[in-house]
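**Student:** Pasting a structure here, questions to come.
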Amino acid sequence: LDFKQKGAPTDTLREKGLKPWFECQNRKDIDLKIIFGHWSTLGFHQDEHVLALDTGCLWGGKLTAARIDMDEVEIVQVECQQTQKPTLS
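For what it's worth, the numbering used here labels the leading residue of the sequence shown as 1429, then goes sequentially.
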């Protein structure tokens, strides 16, 4: 685990053995649907068990919301003005 890594998962990081926590096959919550944010460099990500909603509104990306009370998840996004420059340090 590398708790200081803030960037998006890249091939270079994967070659170093790093991958996102939600790709760990033996995690105890593998069968749960997890919705999370606070990883703007990852961006929007959706698969069977994971929904990542942080799309970098603060950095000039989008504000993303999900309606989850329906059979199909409905994603709503609006553009945002940049209010802060991103730092990865």
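Note that CB positions come from ideal geometry on N, CA and C, so glycine has one too.
In terms of residue numbering, what span does the beta strand (DSSP E) encompassing D1495 cover?
**Tutor:** Contrary to the premise, residue 1495 reads as Arg rather than Asp in this sequence. Element bounds for R1495: K1490 to R1495.
**Student:** Please classify T1492: is it buried, with 16 or more other beta-carbons within 10 angstroms of its beta-carbon, or exposed?
**Tutor:** Result: buried.
**Student:** Measure the alpha-carbon distance for E1443 versus K1461 and round it to whole angstroms.
**Tutor:** Roughly 27 angstroms between the two C-alpha positions.
**Student:** So, under 8 angstroms CB-CB, S1468 and G1489 are touching, yes? Tell me the CB distance rounded to an integer number of Å.
**Tutor:** Indeed, because the Cβ distance is near 7 angstroms, the residues count as touching under 8 angstroms.
**Student:** Can you tell which of F1464, G1471 and C1485 has its C-alpha closest to the C-alpha of V1478?
**Tutor:** It is F1464.
**Student:** Give me the Cα-Cα distance between R1455 and Q1433, rounded to the nearest whole angstrom.
**Tutor:** Roughly 20 angstroms separates the two Cα atoms.
**Student:** Find out if the Cβ-Cβ distance for the pair Q1509, T1483 is shorter than 8 angstroms.
**Tutor:** Taking 8 angstroms as the Cβ cut-off, Q1509 and T1483 do not qualify as a contacting pair.
**Student:** Beta carbon of L1481, beta carbon of A1494: below 8 angstroms?
**Tutor:** Yes.
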